[in-house]
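Participant:
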Amino acid sequence: MNQIFDNANQWLNDLVSYVPGKPIEDVARELGLDPDKIVKLASNENPLGPSPMAVKAMQEALQKAHYYPDGGGYHLRAGIAAKYGVGIDHVILGTGSNEIIEFLGHAFLRPDDNIVTAEHAFVVYKILAKLFGAETIEVPDPNLTHDLPAMAAAINDRTKIVYIANPNNPTGTMVSEAELDRLVDRVQRNVVIALDEAYYEFLPDPPNTLKYFRNHPNVIVLRTFSKIQGLAGLRIGYGLAHEDLIRLLQKTRQPFNVNSIAQAGALAGLRDDAYQAKTREVVRQGRDFLQAEFRKRNLEYVPSVANFILVNVGNGKEVFQKLLRRGMIVRAMDEYKLPEWIRVTVGTPVQNQRFLEDLDQVLTEDYTDKT
Ligand SMILES: *Cc1c(COP(=O)(O)O)cnc(C)c1O
Numbered sequence: 022m023n024q025i026f027d028n029a030n031q032w033l034n035d036l037v038s039y040v041p042g043k044p045i046e047d048v049a050r051e052l053g054l055d056p057d058k059i060v061k062l063a064s065n066e067n068p069l070g071p072s073p074m075a076v077k078a079m080q081e082a083l084q085k086a087h088y089y090p091d092g093g094g095y096h097l098r099a100g101i102a103a104k105y106g107v108g109i110d111h112v113i114l115g116t117g118s119n120e121i122i123e124f125l126g127h128a129f130l131r132p133d134d135n136i137v138t139a140e141h142a143f144v145v146y147k148i149l150a151k152l153f154g155a156e157t158i159e160v161p162d163p164n165l166t167h168d169l170p171a172m173a174a175a176i177n178d179r180t181k182i183v184y185i186a187n188p189n190n191p192t193g194t195m196v197s198e199a200e201l202d203r204l205v206d207r208v209q210r211n212v213v214i215a216l217d218e219a220y221y222e223f224l225p226d227p228p229n230t231l232k233y234f235r236n237h238p239n240v241i242v243l244r245t246f247s248k249i250q251g252l253a254g255l256r257i258g259y260g261l262a263h264e265d266l267i268r269l270l271q272k273t274r275q276p277f278n279v280n281s282i283a284q285a286g287a288l289a290g291l292r293d294d295a296y297q298a299k300t301r302e303v304v305r306q307g308r309d310f311l312q313a314e315f316r317k318r319n320l321e322y323v324p325s326v327a328n329f330i331l332v333n334v335g336n337g338k339e340v341f342q343k344l345l346r347r348g349m350i351v352r353a354m355d356e357y358k359l360p361e362w363i364r365v366t367v368g369t370p371v372q373n374q375r376f377l378e379d380l381d382q383v384l385t386e387d388y389t390d391k392t
């Protein structure tokens with residue numbers, strides 16, 4: 022082994038990298054398929070594409086791409102603050118909300134610290150904890166729903182952050198505002214409570230979590246432009262918290278972390294209410310349709326409040342591979358210790374229909390045929 026590795030942080034040896042949904046271009050190249058015939062329902066992206074208002078704003082911003090971006094993100098932070106009726110000093114921007122998870126690591130985690138998450142929570146919390154040498158306490162989640170009292174009870178004197186994905190990915194389940202109230206009251210103030218609300222805008226009646234940070238400077242809410250706003254490729258998200266926590270996190274980021282095209286697109290997308298309403302409706306109808314079709318086929322699924330559904334297909338990896346060969350990209354769930362399941366993102370009506378046809382074909386094929 023190269024001696025340089027003796028000096029590397031040894032905990033990286035057990036860091037297992039994130040496995041993203043397969044890009045359409047990769048599948049086309051690897052399997053010799055026409056990219057235009059491939060459907061990707063693998064990463065909970067918006068099937069309607071980006072907000073047209075965001076696209077227009079980005080085209081204009083391109084003309085100024087020779088300037089460094091506004092590192093302070095003034096206009097976008099002001100837009101977010103106005104939308105939620107908070108001050109600009111309560112808002113921080115990240116290259117995706119995932120970068121804010123990393124900021125929390127920079128600010129709070131050292132080797133031998135830990136974070137608390139649910140057993141089937143979004144895996145990025147665990148991966149980024151490992152990046153800082155910290156451990157993850159995974160709390161069992163009966164019915165694939167976060168058990169907040171058990172999570173509070175799991176906190177010990179090395180716990181720095183508790184992550185709650187609400188709704189959670191990949192399970193599509195959520196906890197109520199009353200449950201969150203009890204958790205926030207119970208957790209001591211030196212432990213950060215990170216409420217990851219990437220799918221918040223899909224909820225008809227979302228819990229009010231912005232009420233917490235005034236009295237609880239340890240609470241941060243994470244949101245993103247990647248999902249309902251259809252801007253996953255831009256990599257932009259944000260955090261909302263008490264000004265003291267925001268000030269601390271601002272120190273951990275690079276001066277120009279969020280690029281100018283992303284800032285412009287996100288601000289326009291934030292204001293495109295009609296597009297968000299349309300997305301919400303397409304997702305609601307598509308989810309109802311897919312869940313009804315799973316029931317008809319006696320396929321077990323986890324009723325979802327978000328824009329994706331977990332469905333039990335017996336052998337998730339095999340079904341994933343067979344769907345892939347048909348140009349249908351979904352997600353296998355072995356990374357989440359759910360080997361029987363796949364996760365499918367709700368698409369357009371045409372995409373949902375195509376997914377069911379492909380799934381029916383794959384599930385009726387003989388499992389023993391050659392792969
Ligand atoms: C998709 C997703 C995010 C968003 O990540 P970005 O970095 O903003 O693209 C965050 N949390 C969860 C649980 C998600 O599923």
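Using the working numbering, the letters of the sequence shown correspond one by one to residues 22 to 392.
C-beta atoms are modelled at their ideal positions from N, C-alpha and C, and glycine is treated no differently.
Please read all numbers here as calculations on a predicted model, not as lab measurements.
#1: Nearest-angstrom Cα distance between R203 and Y221?
#2: By the 10 Å Cβ neighbour count, where 16 or more other Cβ atoms means buried, how is Y95 classified, buried or exposed?
#3: If distances are taken between C-alpha atoms only, which option among A78, G117, K43 comes closest to F341?
#4: Would you mind sorting T385 into buried or exposed? The rule is 16 or more other CB atoms within 10 Å of its CB.
#5: For T273, I'd like the list of residues in its chain whose CB is within less than 6 angstroms of its CB, leaving aside the five on either flank, ordered along the chain.
#6: Mark Q297 as exposed unless 16 or more other C-beta atoms lie within 10 angstroms of its C-beta, in which case mark it buried.
#7: Can you tell me the Cα-Cα spacing of N28 and F153, whole angstroms?
#8: I want to check one thing, is the minimum distance from the CB of T245 to the heavy atoms of ligand 1 below 7 angstroms?
#9: Using the Cα positions of T392 and A327, report the straight-line distance between them to the nearest angstrom.
#10: For my contact list, Q312 and I330 are in at a C-beta cut-off of 8 angstroms; report their separation, rounded to the angstrom.
#11: Mapping the DSSP letters down to three states, classify F124 as helix, strand or coil.
#12: Do three or more CB pairs link the region 232-250 to the region 50-59 at distances below 8 angstroms?
#13: Pair every Cβ in the region 174-191 with every Cβ in the region 129-145, then say whether three or more of these pairs are closer than 8 angstroms.
#14: If you reduce the DSSP assignment to three classes, tell me which class L331 lands in.
#15: When the distance is taken between beta carbons, is A285 closer than 8 angstroms to A155?
#16: Measure how close the beta-carbons of I350 and L62 come, nearest whole angstrom, since I'm counting them as under 8 angstroms.
#17: Please work out which residues of its chain come closer than 7 angstroms, Cβ to Cβ, to L269, disregarding the five sequence neighbours upstream and downstream, and give them in chain order.
#18: Starting from T230, follow the alpha helix (DSSP H) in both directions and report where the run begins and ends.
#19: In terms of residues, what are the limits of the alpha helix (DSSP H) holding E159?
#20: Quick check on the DSSP output: the alpha helix (DSSP H) that includes Y105 runs from which residue to which?
#21: Give me, in chain order, the residues of the same chain whose beta-carbon lies closer than 6 angstroms to that of D293; leave out the 5 immediate sequence neighbours on both sides.
#22: To the nearest angstrom, how far is it from the Cα of M354 to the Cα of Q84?
#23: With burial defined as no fewer than 16 other Cβ atoms inside 10 Å of the residue's Cβ, what is the status of L201: buried or exposed?
#24: Mapping the DSSP letters down to three states, classify M74 as helix, strand or coil.
#25: Pop quiz: L224 and V323 are said to be a contact at Cβ under 8 angstroms. What is the actual Cβ separation, rounded to whole angstroms?
#26: Could you check the C-alpha separation between E120 and N34 for me, to the nearest Å?
#27: For a test of the three-state rule: what should DSSP assign to N135, helix, strand or coil?
#28: Taking just the CA atoms, how far does N239 sit from H111?
#29: Under a three-way DSSP split, which group does L54 fall into?
#30: Bridge partners of T369, per DSSP?
#31: Cβ of D162 versus every heavy atom of ligand 1: is any distance shorter than 7 angstroms?
#32: Would R346 pass as a contact of Q382 if the rule is Cβ separation under 8 angstroms?
#33: Kindly give me the distance between the Cβ atoms of S281 and A86, rounded to whole angstroms, as I take these residues to be in contact under 8 angstroms.
#34: Looking at ligand 1, does it come within less than 7 angstroms of N67, judged from the CB to the closest heavy atom?
#35: Give the secondary structure of D293 by DSSP, where H, G and I count as helix, E and B as strand, and everything else as coil.
#36: Determine, using beta carbons only, whether V242 and L252 come nearer to each other than 8 angstroms.
Facilitator: Based on what the coordinates show:
#1: 20 angstroms
#2: exposed
#3: K43
#4: exposed
#5: F124, H127, A128
#6: buried
#7: 15 angstroms
#8: yes
#9: Low confidence applies to T392: its pLDDT is 49, below 50, so where it sits in the model is not reliable, and the reading given next is rough at best. When rounded, the distance between both Cα atoms is 33 angstroms.
#10: 7 angstroms
#11: helix
#12: no
#13: yes
#14: strand
#15: no
#16: 7 angstroms
#17: A128
#18: Here T230 belongs to no alpha helix (DSSP H), and DSSP marks it neither H nor E.
#19: Here E159 belongs to no alpha helix (DSSP H); instead the beta strand (DSSP E) covers 156-160.
#20: 95-105
#21: S72, M74
#22: 42 angstroms
#23: buried
#24: helix
#25: Actually they do not touch by this definition, with Cβ atoms about 16 angstroms apart.
#26: 22 angstroms
#27: strand
#28: 13 angstroms
#29: coil
#30: None; T369 has no bridge partner.
#31: no
#32: no
#33: 7 angstroms
#34: no
#35: coil
#36: no
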